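Enquirer:
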Amino acid sequence: MNLSVFLENIKNNQNEVVYYCCNHVLSKKFDINNDDVEEIVLKDMFVNYENFNKALNDCAGTIYKKYEAELDDIYKNICNLFNEDFDNAYVFNYRLTRVKNQEPKQFLDIEDKDTQETVIQKFEDKINTILESKYYKENKDKLEESLIIPQRTLELIKSAVRHY
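Heads up: the sequence shown at position 46 corresponds to 62 in my numbering, and the numbers run straight through without jumps.
(1) Provide the residue span of the alpha helix (DSSP H) that contains Q137, from first to last.
(2) Taking DSSP as the reference, what is the three-state secondary structure of N28?
(3) With a cut-off of 8 Å, do at least 3 Cβ pairs link the segment 75-83 to the segment 121-140?
(4) Distance, Cα to Cα, L23 vs S162?
(5) Taking just the CA atoms, how far does I90 sit from N69?
(6) Have a look at Y65 and R111 and give me their C-alpha separation to the nearest angstrom.
(7) My output table needs one value for N18: the three-state DSSP class, helix, strand or coil.
(8) Check the DSSP bridge columns for D52 and list the partner residues they point to.
(9) My output table needs one value for I90: the three-state DSSP class, helix, strand or coil.
(10) Roughly how many angstroms lie between the CA atoms of N73 and K156, to the nearest whole one?
(11) Cutting at 6 Å between CB atoms, please list the residues of its own chain near Y35, excluding the five before and the five after it.
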């Protein structure tokens, strides 16, 4: 697929921020005016959520300030371009990575109670986001074991905080 044609299509049919993000990501690796790239490579860059997130990390400020956009909304639009469901294994794995290795001590060591409560709530929200996702619900039998430790960690943290 010719990248200039791909980007022109996005420019004409998507929000400006989606074009900005695609152009930004592709410009890092390719000569967008001359290069052709297979669709599978493009999918790996954009639909693989971790790759997508890392590639846009250096321009997050512009995305939020100039375009007042959220990365997840941009990701949804890009997934639609590739006819992929945005609530997918890539997003599940990305979110799971952010909750599975949390140590209770890091929550309990927060001295300010309001801050501690906020951080614990955010951790709980991340777990709930996973549990409520379409991908998780559709694959619960094989995925629920991966959330046992994060859920028990949350229960332990909440129990310990109540006893302080």
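We treat Cβ as the ideally placed atom computed from N, Cα and C, and that holds for glycine. A quick note: this is a predicted structure, and the numbers were derived from the prediction, not measured.
Expert: Taking the structure as given:
(1) K129 to E148
(2) helix
(3) no
(4) 38 Å
(5) 11 Å
(6) 10 Å
(7) strand
(8) N18
(9) helix
(10) 31 Å
(11) I26 and K27
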